[in-house]
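Participant:
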Amino acid sequence: MTRRRFRVLPTIIWGYVIWSLVPVIIAVAYSFNDGRSRTVWQGFSLRWWIGDPNASVLHDASMRHAIFNSLVLAVTTVVIVVPIGISLAIGAHRLRGRSATAVQGLTSVPLITPEIVVGAALLLTFTRLFTGIPLGFPAQLLGNVTFSISAVVVIVRARLVSIGSGFEEAARDLGATRFQALRYVLMPMLWPSVMASLVVVFATVIDDFVITSFLSSGVDSETVPLRIYSSVKGGATPALNALATLLVLTSFTVLICGLFGLSLWRKRHGDNGGLRAALADVTQADA
Amino acid sequence: MKRSPRIWPALAAPGASWLLALFGIPFYAVACVAFGTIDPIFRDAVPQWNPLAWDFGQAHEVLTSVLSGPLQGVFLRTVVYVVAAMATSFAVGFPVAYFLARHAGKRKLLLLTLVIVPFWVNYLMRMLAWVNLLSPSGLFSRFMGVFGIHYNWLDGSPITVVLGLVYGYVPFLILPMYATLERLDWRLVEAARDLGATSRQAFRLVTIPMAQAGMAAAAILIALPMFGDYYTNDLLSRSPRTEMLGNQIDFYVNNSQQPQRGAVLVLMLSALLLVALSWYLRSTSRYAKERTK
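Protein chains in written order, with my numbering: chain A, 1 to 287; chain B, 1001 to 1293.
1. Which residues, taken in chain order from the stretch 1111 to 1131 of chain B, show a beta carbon closer than 8 angstroms to some beta carbon of chain A?
2. Within the same chain, show all residues whose beta-carbon is closer than 8 angstroms to that of D34/A, passing over the 5 residues directly before and after it, in chain order.
3. Pull the bridge partners of N33/A from the DSSP assignment, please.
4. Rounded C-beta distance between V1062/B and R1261/B? I'm assuming under 8 angstroms.
5. Assign A1197/B to one of three DSSP states: helix, strand, or coil.
6. What residues in the stretch 1247 to 1258 of chain B have a beta carbon less than 8 angstroms from any beta carbon of chain A?
7. CB I1120/B to CB S70/A, shorter than 7 angstroms?
8. Please check if any C-beta of chain A sits within less than 7 angstroms of the C-beta of V1030/B.
9. Using CA coordinates, which residue listed in P1051/B, L1112/B, A1129/B and N1152/B is at the minimum distance from A1179/B?
10. Mind checking which residues open and close the alpha helix (DSSP H) that includes G1204/B?
11. With H, G and I counted as helix, E and B as strand and the rest as coil, what does DSSP make of T1037/B?
12. Specify, as a first and last residue, the run of the alpha helix (DSSP H) that D1185/B falls within.
13. What are the partner residues of A1045/B, as DSSP defines its beta bridges?
14. With DSSP as the reference, label S56/A as helix, strand or coil.
15. With burial defined as no fewer than 16 other Cβ atoms inside 10 Å of the residue's Cβ, what is the status of E222/A: buried or exposed?
16. Mark C257/A as exposed unless 16 or more other C-beta atoms lie within 10 angstroms of its C-beta, in which case mark it buried.
17. Looking at Y1169/B and I1222/B, is the spacing between their C-beta atoms short of 7 angstroms?
18. I'd like the ranges of any alpha helix (DSSP H) spanning at least 4 consecutive residues and lying wholly in the stretch 110 to 150 of chain A.
19. Determine the extent of the alpha helix (DSSP H) in which F209/A is found, giving its start and end residues.
20. Between the C-alpha atoms of G1073/B and Y1081/B, what's the straight-line distance to the nearest angstrom?
21. Please say whether A1034/B and A1263/B have beta carbons closer to each other than 7 angstroms?
22. Quick one: which chain A residues come within Cβ less than 7 angstroms of A1263/B?
23. Tell me the residue span of the alpha helix (DSSP H) that contains N69/A.
24. Could you give the first and the last residue of the continuous alpha helix (DSSP H) run that contains F1094/B?
25. How about A89/A and V153/A: are their beta carbons less than 7 angstroms apart?
26. In chain order, what residues of the same chain have a beta carbon less than 6 angstroms from the beta carbon of A27/A, not counting five sequence neighbours either side?
27. Which ranges does the alpha helix (DSSP H) cover as unbroken runs of at least 4 residues, wholly within the stretch 1202 to 1247 of chain B, from first to last along the chain?
28. Going by beta-carbon coordinates alone, are P225/A and W1130/B separated by less than 7 angstroms?
29. If you compare alpha carbons, which of L1236/B, M1226/B and S1237/B is closest to L1245/B?
30. Let me know the secondary structure DSSP gives D1250/B once reduced to three states.
31. Under three-state DSSP, which class holds I12/A?
32. Give me the residue from E115/A, P238/A and R266/A with the minimum Cα distance to W49/A.
33. If the cut-off is 7 angstroms on Cβ atoms, which residues from the stretch 23 to 35 of chain A count as contacting chain B, listed in chain order?
34. If the criterion is Cβ atoms closer than 7 angstroms, does the pair V1166/B and T1242/B meet it?
35. Which chain B residues are close to V79/A, counting only those with a beta carbon under 9 angstroms from its beta carbon?
36. Taking its Cβ as the centre, do 16 or more other Cβ atoms sit within 10 Å of P1240/B, making it buried, or is it exposed?
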């Protein structure tokens, strides 16, 4: 009985890994196609990456613009949301009573709200209520920050729970003010969760489609995911595959740097969790 | 220590007010548009900011359309697609998560990494990959052609849309499912086996009840975005035959002169969210109660 299950399950998991990754790998491979087709292989070339003087990712002005927009949006969102989220997480962690419940509700509802609801609601708000905020980058930025705050709060709170209150109490007993205990004792210990937040928010925002699309103002504020969406069905060349590959590479680079930084930090602090613990920091699941 | 410190509310204030202004108020704005009026000359939606003067005419019209009109088909289809995609996602995702948590052994880190990778690959890239494979000249279509199956997968095929949803969302199911199974107290399963349960009985009577709350959470985590999904459908079909609730919202809010109808549909989706949320909270609290018994 058990023996049979042991043979079936590995088949399923390896099947799953192949099914989930091979289509993407094929799409990446076709970005190196020599022909104009995204489906018929005509030999290897870098034509759609750098070769073609007009249509390659390197030379197509609109694609470069989309890459630029994506990076600017992701970096600005990270810069705004990480401090706000950390401070909210610390504050919410210590609040008691009714205000704690209210803040808890306010931070957890966005986690399960479908993005289309947030996107549509913000679009109606920015076009009819807060009309001072123009669609395009400003609206996209506000929308992405709003949708990312909760993710930061979840990551930082998990860390706060695992740290406990002992260290801060010890600092207070030794004469530190509440602020000093926060600044010199708690903050340095929060570092892994800050790092994890940076990575998670960057990757989420650079990949975001729904909110960014609802709040865009047309070609000017087109990001890479928007560009992929609008050209998949047309007769786009393999340059589209190259653009999508570049997007995936960017988030993986950030992710890998984050994981590397996290395991380095842990090693330096005598914690030998290594890559496994770092993976857990980022995915919020024990590795 | 007794004196209530001001620092915590001060720290929570910026984030909380941000969410209030850009998450709370927009919900109110949606209601004001949904229950507002239509400008008689420009035919544009005029929001009604005073709740006492809300006009439910449009909402009533949309609701009638959902219950017995043209939107009925869209709603039923959405529910059927989401349920089918959820069931398939569990059929695929649960065994994967279970194996990872229980039997991965030495390969655990490798397998976990491989399973996490799609989680971080852009959703549109993953859809683009399938559009390429499924297009008439694509590898998958040509492969099927070898067996004499000639079918246009990208022309309003419900199977493509449902499998597209599964492909898109199953990574988001596997990770929380794995986190749940990883934390289970497997000694209880061993105890059940020692007391004479077959492995199937132990699974049904011990493992599943323990994992239930996590399964409910994972189900909600993928069901809600699926209910609001429109891009999977757009990319893999873009046919009225497979249109879902999300496509209607996208159309009315983004591309039409009737954002009011879109606003009503957004409210309906949010109502669904509330139902799901309360069901989830009830099932987890029931589970917590049973555990403390």
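Glycine included, every Cβ here is placed at the ideal spot set by N, Cα and C.
Facilitator: Judging by the given coordinates:
1. L1111, L1112, T1113, L1114, V1115, I1116, V1117, P1118, F1119, W1120, V1121, N1122, Y1123, L1124, M1125, R1126, M1127, L1128, A1129, W1130 and V1131
2. One-based indexing of the first sequence puts residue 34/A at position 34. Q42, G43, F44, S45 and R47, listed in sequence order.
3. Walking along the first sequence from the start, residue 33/A turns up at place 33. Its beta-bridge partners are F44/A.
4. By one-based count along the second sequence, residue 1062/B stands at place 62. By one-based count along the second sequence, residue 1261/B stands at place 261. Right, the Cβ-Cβ distance comes to about 6 angstroms (below 8 angstroms), so this counts as a contact.
5. Taking the second sequence and counting its residues from 1, the one referred to as residue 1197/B is at position 197. Coil, per DSSP.
6. I1249, D1250, V1253 and N1254
7. The sequence position of residue 1120/B within the second sequence is 120, counting from 1. The sequence position of residue 70/A within the first sequence is 70, counting from 1. The residue asked about is misnamed: residue 1120/B is Trp in this sequence, not Ile. Not closer than 7 angstroms, so no.
8. In the second sequence, residue 1030/B corresponds to position 30, counting from 1. Chain A, which has a Cβ nearer than 7 angstroms to the Cβ of V1030/B, makes this yes.
9. Numbered from 1 along the second sequence, position 179 holds the residue referred to as residue 1179/B. Comparing Cα positions, the closest option is L1112/B.
10. As a first step, residue 1204/B is located in the second sequence; it is residue number 204 there, counting from the start. According to the sequence as given, residue 1204/B is Arg; it is not Gly. Run containing R1204/B: none; DSSP gives neither H nor E here.
11. Position 37 of the second sequence, counting from 1, holds the residue named residue 1037/B. Looking at T1037/B - three-state DSSP - the assignment turns out to be strand.
12. Walking along the second sequence from the start, residue 1185/B turns up at place 185. Counting along the chain, D1185/B falls outside any alpha helix (DSSP H), and DSSP gives it neither H nor E.
13. Here the question's residue 1045/B lines up with position 45 in the second sequence. According to DSSP, A1045/B bridges with I1038/B.
14. Taking the first sequence and counting its residues from 1, one reaches residue 56/A at position 56. Here S56/A sits in coil by DSSP.
15. The count along the first sequence starts at 1 and reaches residue 222/A at position 222. Counting Cβ neighbours within 10 Å, E222/A comes out buried, since at least 16 surround it.
16. Walking along the first sequence from the start, residue 257/A turns up at place 257. Under this definition C257/A is an exposed residue.
17. Here the question's residue 1222/B lines up with position 222 in the second sequence. Here the question's residue 1169/B lines up with position 169 in the second sequence. Yes.
18. 115 to 128
19. Taking the first residue of the first sequence as position 1, residue 209/A is located at position 209. Neither: F209/A is in no alpha helix (DSSP H) and is coded neither H nor E.
20. Translated into positions along the second sequence, residue 1073/B becomes position 73. Translated into positions along the second sequence, residue 1081/B becomes position 81. The straight-line gap from Cα to Cα measures roughly 12 angstroms.
21. Residue numbering aside, residue 1263/B sits at position 263 when the second sequence is read from its first letter. Residue numbering aside, residue 1034/B sits at position 34 when the second sequence is read from its first letter. Yes, these two residues count as a Cβ contact at 7 angstroms.
22. Along the second sequence, read from residue 1 onward, the residue named residue 1263/B stands at position 263. In chain order: L124.
23. For the purposes of this step, residue 69/A is taken as residue 69 along the first sequence, with counting starting at 1. Element bounds for N69/A: A61 to R94.
24. Against the second sequence, residue 1094/B aligns to sequence position 94. Note, F1094/B: alpha helix (DSSP H), P1070 to R1102.
25. The residue given as residue 89/A occupies position 89 in the first sequence. The residue given as residue 153/A occupies position 153 in the first sequence. Closer than 7 angstroms, so yes.
26. For this step, residue 27/A is matched to residue 27 along the first sequence. So the qualifying residues of the chain are N241.
27. 1208 to 1227 and 1231 to 1236
28. For the purposes of this step, residue 225/A is taken as the residue at position 225 of the first sequence. For the purposes of this step, residue 1130/B is taken as the residue at position 130 of the second sequence. It is not a contact, given that the beta carbons lie outside the stated cut-off.
29. Counted from its first residue, the second sequence places residue 1245/B at position 245. Comparing Cα-Cα distances from L1245/B to each of L1236/B, M1226/B and S1237/B, the minimum goes to M1226/B.
30. Indexing the second sequence from 1 puts residue 1250/B at position 250. The answer is helix: DSSP assigns D1250/B an H, G or I state.
31. Numbered from 1 along the first sequence, position 12 holds the residue referred to as residue 12/A. Here I12/A sits in helix by DSSP.
32. The residue you call residue 49/A lines up with position 49 of the first sequence. When each option's Cα is compared against that of W49/A, the closest is P238/A.
33. P23, V24, I26, A27 and Y30
34. Here the question's residue 1166/B lines up with position 166 in the second sequence. Here the question's residue 1242/B lines up with position 242 in the second sequence. No, the Cβ-Cβ distance between V1166/B and T1242/B is not below 7 angstroms.
35. Against the first sequence, residue 79/A aligns to sequence position 79. Ordered by position in chain B, no residue passes the 9 angstroms Cβ test against V79/A, which lies about 14 angstroms from the chain.
36. Stepping through the second sequence from its first residue, residue 1240/B is reached at position 240. With fewer than 16 other Cβ atoms within 10 Å, it is exposed.
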